[in-house]
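Visitor:
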Amino acid sequence: MKRVLWAGVCALALCALAARAATGYEYDIRYVGRITVPELPEYCDGRYSEPVIGCAVAQDGSEFLGHFSTDIELERLPDGIYAGAYAPRFLTFTTRFGALVWDSTDRTSAFTGFRDPRLGGSGIGVVVRGGKVLGLVGGVYGAADHPYLDFFADAGPPFVDWDSTTPQAALQAWQALLRGGLDHFSAADDRGGRVSGTYSVIRAAGP
153 MKRVLWAGVC
163 ALALCALAAR
173 AATGYEYDIR
183 YVGRITVPEL
193 PEYCDGRYSE
203 PVIGCAVAQD
213 GSEFLGHFST
223 DIELERLPDG
233 IYAGAYAPRF
243 LTFTTRFGAL
253 VWDSTDRTSA
263 FTGFRDPRLG
273 GSGIGVVVRG
283 GKVLGLVGGV
293 YGAADHPYLD
303 FFADAGPPFV
313 DWDSTTPQAA
323 LQAWQALLRG
333 GLDHFSAADD
343 RGGRVSGTYS
353 VIRAAGP
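Residue numbering for the sequence shown follows the working numbering, starting at 153 and increasing by one per position.
(1) Exposed or buried, what is residue 193 when buried is set at 16 or more other beta-carbons lying within 10 Å of its beta-carbon?
(2) Residue 192 by DSSP, collapsed to three states: which one?
(3) What residue range does the beta strand (DSSP E) around residue 243 cover?
(4) Between which two residues does the beta strand (DSSP E) containing residue 340 stretch?
(5) With DSSP run on the structure shown, which of helix, strand or coil describes residue 356?
(6) Would you mind sorting residue 269 into buried or exposed? The rule is 16 or more other CB atoms within 10 Å of its CB.
(7) How close, in whole Å, do the beta carbons of residue 234 and residue 292 come, if the pair is a contact with beta carbons under 8 Å?
(8) With residue 323 as the anchor, note down where its alpha helix (DSSP H) starts and where it stops.
(9) Can you name the start and end residues of the beta strand (DSSP E) that residue 316 belongs to?
(10) Under 8 Å, do residue 415 and residue 274 count as touching if we go by C-beta distance?
(11) Between residue 116 and residue 191, is the Cβ-Cβ spacing less than 8 Å?
(12) Residues in the same chain with beta-carbon distance under 8 Å from residue 173, minus the five sequence neighbours each way, listed in chain order, please.
(13) Looking only at its own chain, which residues have a Cβ that is under 6 Å from the Cβ of residue 302, when we skip the five neighbours before and after it?
(14) If distances are taken between C-alpha atoms only, which option among 236, 245, 250, 335 comes closest to residue 272?
(15) Rounded to whole angstroms, what's the CA-CA distance from residue 315 to residue 304? Just pull it up for me.
(16) The beta strand (DSSP E) spanning residue 298 covers which residue range?
(17) Determine the DSSP secondary structure at residue 362, reduced to helix, strand or coil.
(18) Examine the ligand GTP and report whether any of its heavy atoms sits within less than 7 Å of the Cβ of residue 261.
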């Protein structure tokens, strides 16, 4: 009987791991930004065919919520900057500013790919220290230079080779940036609308 019960417990544990692998580890991005839009009637009245940030959102101190999921639990990683070849794989990513949406699961959205910070990565790089995600490295991009969403953390020293630098070596190289904070972002649409400000990454609440 004990063997049967133990086998049942193991099966449940394996099922839980399999479910987690399928859904990933969920994180929220909380943005606080200042929005600037061009003073053009056509920008505000919906004449453009492509989505723009738009004029319906507040111009200063606006709050937005984004979300992403990864295939690993970021908080359990040793301190380091996991970017380039070491970046985690993102299963999903969504962020909306006004009518402009990046959604990695929706081909009709502005999302074309990730920067890790290399173009065409499998996700966005992350900065982990003390069991917390301090910042993101890279961003997401659209079909061309615009629209884009950049996280300030990729303004690091130019000598960091993201193909070969280990997470711990990158963290050491970025000590000055860590002291200054890695919580800035900027985004823009195709028509001159922009939003910039600060963000934080937190673990999403479980079901």
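The beta carbon of each residue, even a glycine, is placed where N, CA and C say it ideally should be.
Guide: With the given structure in hand:
(1) exposed
(2) Judged by DSSP in its simplified three-state form, residue 192 adopts coil rather than helix or strand.
(3) 242-249
(4) Residues 336-340.
(5) coil
(6) Looking at its Cβ environment, which holds 16 or more other Cβ atoms inside 10 Å, residue 269 is buried.
(7) Under the criterion of beta carbons closer than 8 Å, residue 234 and residue 292 do not qualify as touching, at roughly 17 Å.
(8) 319-325
(9) Per DSSP, residue 316 lies in no beta strand (DSSP E) segment and is marked neither H nor E.
(10) With the chain covering only 153 through 359, there is no way to say anything about residue 415.
(11) Nothing can be reported for residue 116: it is not among the residues displayed for the chain, which extend from 153 to 359.
(12) A caution first: residue 173 carries a pLDDT of 48, below 50, which makes its placement in the model too unreliable to give a value.
(13) If you ignore the 5 residues before and after residue 302, its C-beta comes within less than 6 Å of the C-beta of 291, 338, all in its own chain and listed in chain order.
(14) 236
(15) If I take the Cα positions, the gap works out to 20 Å.
(16) No beta strand (DSSP E) holds residue 298; DSSP gives it neither H nor E.
(17) Lying before the first or after the last residue shown, residue 362 is absent from the chain, which here runs from 153 to 359.
(18) No copy of the ligand GTP appears in this structure; indeed no ligand is present at all.
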